[in-house]
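Residue numbering for the sequence shown is 0 to 421, as defined by numbering that gives the first Met the number 0. This report concerns only the one structure given below.
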Amino acid sequence: MNPKTLAIHEGYDKDKHGTMAVPIYQTTAYDFGNAETAANRFALAELGPIYTRLNNPTTDILEARITALEQGGGAVAVASGQAASFYAVVNAAKSGENILVAEKIYGGSITLLTHTVKQFGIEARVFDSDNADDLEKLIDDKTKAIYFETLSNPQIAIPNIEKIVKVAQKYNIITIADNTVATPVLLNPLTLGVDVVVHSASKYISGNGTAIGGLVVERKGLNEFLKNNPRYPQFNEPDESYHGLVYNTLPLPNFTLRIRLTFIRDTGATISPFNSWLLIQGLETLHIRIKEHSNNALKVAEFLKTHPKVKYVSYPGLKGDKGYEKAQKYLKNGLSSGLLSFDVGDFDKAKQILNDTKIFSVVVNIGDTKSIITHPASTTHQQVSKEDLDKSNVTEGLVRLSIGLEDADDLIADLKQALDKE
Ligand SMILES: *Cc1c(COP(=O)(O)O)cnc(C)c1O
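Right, dumping it as structure tokens:
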């Protein structure tokens, strides 16, 4: 079946359950009925719900749908995008080992991967994601993952995915791609040879800005890649914490299973059934929304490009943009998401635009139905020196937009009156 159909029907048998909407199993625990069933579930001899920290029937459907949409082999849903990235990384690397991290990634992922996981003894080595020319020389025997974003937040940069995958395959290293901004509607990293996809489902998948959630999806065939791969003994040797279980003996998606059975079991960043349900609603309309977000963003970008007060516009859907060729190569249907940025040359003008737009909200989020405007130099990058701002391409006059689903003409008129104001 095709993605639009899978997004609406995968994993749920409405004839069996008799409800059109997926029910919310708002329960902590499950009645096993007898001692044997209880023992079998814990021993994985029989699959079924155990306790909502580990699994839940509503969440199962969310996991089945994202697996189908990403054309993967299995998935696990967690409490947030941050939890998804954290679990994916610690599932691959442990203390004394290292990971390679793309330079252009989400701010929360930078602090997580370069500071917080360092406390667990995992070293992050940053590489240039635009070209990935320096990737190979950073690899050693202790390198356990290569982490990047398919469409980076906030730069909207597309890395050289082909090259990253090629190098990773040469050294048998797991690649982890954050596909939050692109979503499965624009890009399926697993079909390009990426091993693991992570999502902040809080953004476009939720779509309405109503739920925090995260997803980890593994590719089909990852079990074979992990089996007897000397870089990953954790999948091939007995797990003492699970009475000697050897993951590679199980015909289940090993990577996400280990996240569930060890990391979620022990650290508990579980998604609530209600949030899983909200994200199921979001997935149903994702393909329509991404198309509208992208079409609206392109119209706004084209308008901004012609405005005399705008120095430049960054949007990979714009012809002539530095990301245009990669967008054409990697993103489906000529769409490029709802994120864009533009520069008005100075700090005060940028702030004035934030204050004078009426439809846009001053919020640090993306992917909502409502349009959002931010000025990095006075908020997220406030403590950064002017010199460092220039280095990171965050200029003082840079304004970022997450284009929502309002009428593009209204958004353009709103930006125009704010730009024209003296
Ligand atoms: C927001 C975001 C995250 C973190 O997700 P949360 O759900 O807020 O924890 C990770 N990656 C990207 C690209 C994001 O935009």
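Cβ atoms here follow ideal geometry from the backbone N, Cα and C, with glycine treated the same way.
If we call anything under 7 Å between Cβ atoms a contact, is residue i one with residue j?
i: G316; j: L297; result: yes
i: Q70; j: L214; result: no
i: E122; j: N97; result: yes
i: I358; j: D406; result: no
i: I145; j: T174; result: yes
i: R64; j: L282; result: yes
i: A349; j: G396; result: yes
i: V309; j: F273; result: no
i: T51; j: A76; result: no
i: K202; j: G366; result: yes
i: Y86; j: I258; result: yes
i: G72; j: R288; result: no
i: A434; j: F147; result: Since the first residue shown for the chain is 0 and the last is 421, residue 434 is missing from the structure and cannot be characterised.
i: Y105; j: N39; result: no
i: L186; j: Y329; result: yes
i: V312; j: I352; result: no
i: A67; j: L5; result: yes
i: V21; j: I60; result: yes
Have a look at residue i and residue j and give me their C-alpha separation to the nearest angstrom.
i: L225; j: N235; result: 8 Å
i: L150; j: A34; result: 49 Å
i: G344; j: T394; result: 8 Å
i: N427; j: A74; result: No answer is possible for residue 427: it lies beyond the span of the chain, which begins at 0 and ends at 421.
i: A44; j: L251; result: 12 Å
i: L418; j: L400; result: 14 Å
i: P158; j: D14; result: 44 Å
i: F41; j: L334; result: 45 Å
i: T255; j: A78; result: 15 Å
i: I211; j: G17; result: 28 Å
i: N222; j: T179; result: 24 Å
i: A403; j: T368; result: Note that residue 403 is Gly in the sequence shown, not Ala. Distance between the alpha carbons of G403 and T368: 4 Å.
i: A268; j: G47; result: 20 Å
i: Q168; j: E239; result: 29 Å
i: S293; j: E62; result: 26 Å
i: T284; j: P183; result: 12 Å
i: D320; j: A300; result: 11 Å
i: H423; j: V361; result: Only positions 0 to 421 of the chain appear in the structure, and residue 423 is not among them; the question remains open.
i: K415; j: Q382; result: 30 Å
i: M0; j: G10; result: 13 Å
i: P237; j: T115; result: 28 Å
i: N253; j: K420; result: 58 Å
i: K385; j: P375; result: 12 Å
i: D347; j: I7; result: 46 Å
i: G208; j: P229; result: 42 Å
i: T356; j: L339; result: 16 Å
i: L191; j: V216; result: 14 Å
i: G243; j: Q233; result: 11 Å
Tell me whether residue i, by its Cβ, gets closer than 6 Å to a heavy atom of ligand 3.
i: I98; result: Ligands displayed in this structure: ligand 1; ligand 3 is not among them.
Below 8 Å on the Cβ atoms is my contact criterion, and I expect residue i with residue j to pass it. Report the Cβ-Cβ distance as a whole number of Å.
i: S205; j: L278; result: 6 Å
i: F126; j: L99; result: 5 Å
i: Y314; j: I155; result: 7 Å
i: S84; j: S108; result: 6 Å
i: L112; j: R124; result: Actually they do not touch by this definition, with Cβ atoms about 10 Å apart.
i: Y241; j: T261; result: 7 Å
i: L410; j: N295; result: 7 Å
i: S275; j: N55; result: 7 Å
i: K141; j: I172; result: Contact doesn't hold; Cβ gap of about 11 Å is too wide.
i: G80; j: A200; result: 7 Å
i: N364; j: I371; result: 6 Å
i: H286; j: P2; result: 7 Å
According to DSSP, which residues form a beta bridge with residue i?
i: V77; result: G213
i: H198; result: L214
i: T373; result: R399
i: T142; result: N97
i: D238; result: L244
i: S360; result: I371
i: I109; result: None, per the DSSP bridge assignment.
i: A28; result: Y50
i: V193; result: V193 is not bridged to any residue.
i: T174; result: I145
i: S313; result: S340
i: A123; result: I98
Kindly indicate if chain D contains any beta-carbon less than 7 Å away from that of residue i.
i: A268; result: Reference to chain D is not applicable here, since this structure consists of a single protein chain.
For the structure I just gave you, are there three or more beta carbon pairs, one from the segment 194-204 and one from the segment 81-98, closer than 8 Å? As far as the Cβ criterion goes, the segment 194-204 touches the segment 81-98, which means the pair count is three or higher.
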